[in-house]
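Structure first, commentary second.
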Amino acid sequence: MSRLQLRGVGKSYGATRALRHADLDIGAGEVHVLMGSNGSGKSTLSRCVAGCVRPDTGEILLDGKPVSITGPQAARALGIAIFYQELSLAAHRTVAENICLADLPSRGVFVDRKALEERAARYVALFDGVTGDDFSPDAVVQDLRADQRQLVEIMKTLAAEASVLIFDEATSALDRAQVERFFEILRGLKAEGRSIIFISHRMDEIFSIGDRATVIRDGEIVGSRRIAETTPAEIISMMVGAQEETAPAADAAPTRPAGPPVLSVRGLTGPGFSDIGFEVRAGEILGLGGLHGQGQSAVLRALFGAGPPTSGSVELGGKPFHPRNPRATIRQGVAYVSGDRTRDGVVTGRPILENVMP
727 MSRLQLRGVG KSYGATRALR HADLDIGAGE VHVLMGSNGS GKSTLSRCVA GCVRPDTGEI
787 LLDGKPVSIT GPQAARALGI AIFYQELSLA AHRTVAENIC LADLPSRGVF VDRKALEERA
847 ARYVALFDGV TGDDFSPDAV VQDLRADQRQ LVEIMKTLAA EASVLIFDEA TSALDRAQVE
907 RFFEILRGLK AEGRSIIFIS HRMDEIFSIG DRATVIRDGE IVGSRRIAET TPAEIISMMV
967 GAQEETAPAA DAAPTRPAGP PVLSVRGLTG PGFSDIGFEV RAGEILGLGG LHGQGQSAVL
1027 RALFGAGPPT SGSVELGGKP FHPRNPRATI RQGVAYVSGD RTRDGVVTGR PILENVMP
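Take the position in the sequence shown, starting the count at 1, then add 726; the result is the number in the working numbering.
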C-alpha cells in the first residue's frame, strides 16, 4: 500500500528546472532511497514533500488522498518530518531543548522542564554508547562535535513521531558505530509501518538499509529498482547516464611525483594525535584515512595553527615551519577547509567579500 505518492511534481527557480514531472511511490514500512549526483534534484523533491518548497506543478497524495502542504507546520500536522542536510539546530540551546524544539511541553506560558527532559531522554537513550562521553541532554549544541550535532538533528527528527520520515544525508558526519545504531533504529521504525525516504551517496549504506532505490538525474526520475534485484554498477550507470568506465588494473603502481617534499611532518603530537609523520610533494594529493574522530581533523587543524601541536617538527618548502596561528600560516601559503564549514568555514553574519578576504 502506498503511503506517499508524487504525481508530476515539478519545481523551477527562474530558468533553472530543479525538478521535472517527478512521479514517486513510497510504501508503508519501506525505506526508499533517493540517489543522484549533487544538484540532481533529490533535496528539492524532499523539500517539496516537507513543505519547505512549494512545487510549481503536480500533486502530492498521502494515504491515497491529495494533500496541500503549505509549509513545514502543515507537513508536520500531516505526519511528515525531515532531517535537513544543512542542520537546523539552535546552537545556543541544549540538546534536550533542540530535540523538543518543534513541540516544547509547557505549563501555561512556561516550558515544562521536567516533561522536556523526560521526552528528550527517550531519544538520547536510543544512541546510548555511541554519542561520546561529553554528550548529555544538558550539553549546549554549539559545544558539540560535528557528529554529535548530527545525532541531535536525527533525534529531533525522530521526536516528531511522524509516519513519513525524510533523512537527507543524515550519516555524512557519523562514524561506523553511529551509523549501525541509526540503521537499527530505522529498521525498528520500518517494522512499525513508518515510511522512510533516505538520501545518501554511500553505496554500502544504500544496500544495507534500502528496500527500493530511485535515481534522479538532472531533475528527472530515470528509474526505480528493488535493492535486492539490482547492483551498485546498475545504480551508478543510471546516475551517470552511461556505462561505468572500466577501472584501471588493480596492480598498476601509482607514480609518485619526483622532487623534494613540499611539506614534511615528523613526530607531530598534540591533543587527539601522537607521533604523526608524512611527506607531500608538489603535484601530489595525500589522503588521511580512518574512521571519523580518529584524529585526522586535529592533525590538519594543528598544521593550520588552529590547535598548535605540543611536539614534533614541520618543514614547509625545506624550511622549518611553526604553525602558531591561522593568520601566520595563511601568510606562508597554507590554507585549510574545515569539515564543519558552517561553524568553522564562514562568518555567517558577514558578506561574502569579507569572508573571502584572508
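Backbone N, C-alpha and C fix where the C-beta goes; we use that ideal spot for every residue, glycine too.
Pull the bridge partners of residue 731 from the DSSP assignment, please. 751 and 787
How far does the alpha helix (DSSP H) with residue 924 in it extend, from its first residue to its last? From DSSP, residue 924 is part of no alpha helix (DSSP H) but of the beta strand (DSSP E) over 921-925.
Whether residue 728 touches residue 805 by CB criterion (9 Å): no
Candidates 783, 775 and 896: which alpha carbon is nearest residue 801's? 775
Just to confirm, is the Cβ distance from residue 787 to residue 745 under 9 Å? no
Let me know the secondary structure DSSP gives residue 970 once reduced to three states. Residue placement at residue 970 is poorly supported in this model, since its pLDDT is 46, which falls under 50; the coordinates are not used for a value here.
Using 8 Å for Cβ pairs, my map puts residue 1023 next to residue 993. What's the rounded Cβ distance? With 8 Å as the limit, residue 1023 and residue 993 do not qualify as a contact, their Cβ atoms being about 19 Å apart.
Residue 753 versus residue 916 - alpha carbon distance: 10 Å
Residue 857: which of 768, 907, 1029 and 999 sits nearest, CA to CA? 907
Separation of residue 1007 from residue 1031, as counted between CA atoms: 21 Å
Residues near residue 877 in its chain [Cβ-Cβ closer than 7 Å; skip 5 each side]: 853, 857 and 904
Applying the criterion that 16 or more other CB atoms from any shown protein chain within 10 Å of the CB defines a buried residue, is residue 769 buried or exposed? buried
Which runs of the alpha helix (DSSP H) spanning at least 4 residues fall entirely within the segment 999-1077, listed in chain order? 1022-1030 and 1052-1057
Please determine, among 821, 773, 991 and 803, the residue with the shortest C-alpha to C-alpha distance to residue 1003. 991
Local conformation of residue 961 per DSSP, three classes: helix
Any chance the segment 1032-1039 sits against the segment 1076-1083, with 3 or more Cβ pairs inside 8 Å? no
If we count the other Cβ atoms within 10 Å of its Cβ and call it buried at 16 or more, is residue 818 buried or exposed? exposed
With a cut-off of 8 Å on the beta carbons, I'd call residue 938 and residue 1073 a contact; round off their distance for me. Wrong, their Cβ atoms sit about 42 Å apart, outside the cutoff.
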